[in-house]
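Have a look at the structure below before the remarks.
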């Protein structure tokens, strides 16, 4: 699949993108869960997430397959394998990661345009974090 034919992926290529995104992002998320955070006074330094992995895959290949794979990988590797599954909270994270990565992948038409790749990476991450913030605020308001 060439760069100019981004949306012309076959079903087997979409499955490959899904599995690649799921395994890479899932293992990266598992790795970040195991890294200890360093606290200096009231400031805490920690590695939060490696969202650039599914963002790059969604910009280069099929955005929906990469987005669903990343969200599934995060759920399977970091939540279920570490025993931190939280039920409906994980569904919220699944939906926000999927939408954020999908938006970033759809914004990039030409991966050689470095400015658009940077803008899409920021927009995708910001969309995911903004949706999580809105959901948390609504949980507090209506709970």
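In the numbering used here, the protein residues as written are 3 to 145.
The beta-carbon is built from N, C-alpha and C at its ideal position, and this holds for glycine as well.
Our two residues, residue 32 and residue 115, have alpha carbons roughly 31 Å apart in a direct line. According to the DSSP assignment, residue 41 belongs to the beta strand (DSSP E) that extends over 40-42. A direct Cα-Cα distance of roughly 13 Å separates residue 112 from residue 121. By the Cβ criterion, the region 83-94 is not in contact with the region 45-59, since fewer than three pairs of Cβ atoms, one from each stretch, lie closer than 8 Å. Per DSSP, residue 94 is one residue of the alpha helix (DSSP H) stretching across 90-109. Membership of residue 47 in the beta strand (DSSP E) is indicated by the continuous run 45-47. The Cβ-Cβ distance between residue 91 and residue 24 does not fall below 7 Å. The Cβ-Cβ distance between residue 40 and residue 47 falls below 7 Å. Where residue 12 is concerned, there is no enclosing alpha helix (DSSP H), because DSSP gives it neither an H nor an E. Put simply, the backbone Cα of residue 58 is about 13 Å away from that of residue 125. Rounded to the nearest whole angstrom, the CA to CA distance from residue 106 to residue 18 is 20 Å.
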